[in-house]
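Since the structure comes first, as structure tokens, the remarks are kept for the end.
Protein chains in written order, with my numbering: chain F, 1 to 115; chain B, 116 to 230.
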């Protein structure tokens, strides 16, 4: 069973609107959580990385939140642009496999921004 | 420079061919990774190199043979592949493996098609 679950699987939003993506995880013991953006046919690009003690982090129009108690994270996109169309992947590391560089990937949320 | 480069961008090969994928980074990173990604799925870890030594092999078939000739280069040698091996192959690097703060930087990937 995947230890990182993302929702929704996909969504379509109008340019200029906001949206929020969800990530729930069961990975334990928790080390850090990352959000990546992946354009079709390209490699993932890091947006944010948060450790246990951080509950929010921003990168431009992207804001990630983390609730380590409920094991939930969200990624909020403000004033969406056409270039935001991509897959957004939640990635979690645990304290054990992190020492070997192995990450637990969610299946991603496919975002389509329409004019 | 936070760039990981991969060549070729696209590769079509027959099941009897031998080919190689190449990955290069000049960030001084000592950990390098190969991932395989099928369409609409998250990346799957294949191999991890740390200080030019193979650290993790995720039970990958022997028709995939990794090589790390120096700290900046990572190769993936392909031989006798199957059509189901068609995928996007991603290379990544990080300063080292382990520790929560080490970001993994991904290359753009090689789109492999096995005919």
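Cβ coordinates follow ideal geometry from the N, Cα and C atoms, glycine included.
Asked, Found
"Taking residue 89 of chain F as the reference, which of F/104, F/17, F/112 has the closest Cα?", "F/104"
"For residue 218 of chain B, which residues in the same chain have their Cβ closer than 7 Å to its Cβ, ignoring the five residues on either side in sequence?", "209"
"Output yes if chain B places a C-beta closer than 8 Å to the C-beta of residue 68 of chain F; else output no.", "no"
"Can the beta-carbon of residue 8 of chain F be found less than 8 Å from the beta-carbon of residue 221 of chain B?", "no"
"Would you list the one or two residues that DSSP bridges to residue 159 of chain B?", "B/151"
"Near residue 47 of chain F, what residues of its chain come up, given a Cβ to Cβ distance below 6 Å and the 5 sequence neighbours on each side ignored?", "35, 37, 59, 62"
"Which class does residue 199 of chain B belong to by DSSP, given the choice of helix, strand or coil?", "helix"
"Looking only at its own chain, which residues have a Cβ that is under 8 Å from the Cβ of residue 18 of chain F, when we skip the five neighbours before and after it?", "76, 77, 78, 79, 80"
"Considering only residues of the stretch 81–114 of chain F, which uninterrupted alpha helix (DSSP H) runs meet the minimum length of 4 residues and lie entirely inside it, listed in chain order?", "none"
"Using 8 Å as the limit for Cβ to Cβ distance, is residue 136 of chain B near chain F?", "no"
"For the candidate residues B/158, B/197, B/176, whose alpha-carbon lies nearest to that of residue 204 of chain B?", "B/158"
"Can you check which of these residues, B/132, B/196, B/131, is closest to residue 179 of chain B by C-alpha distance?", "B/196"
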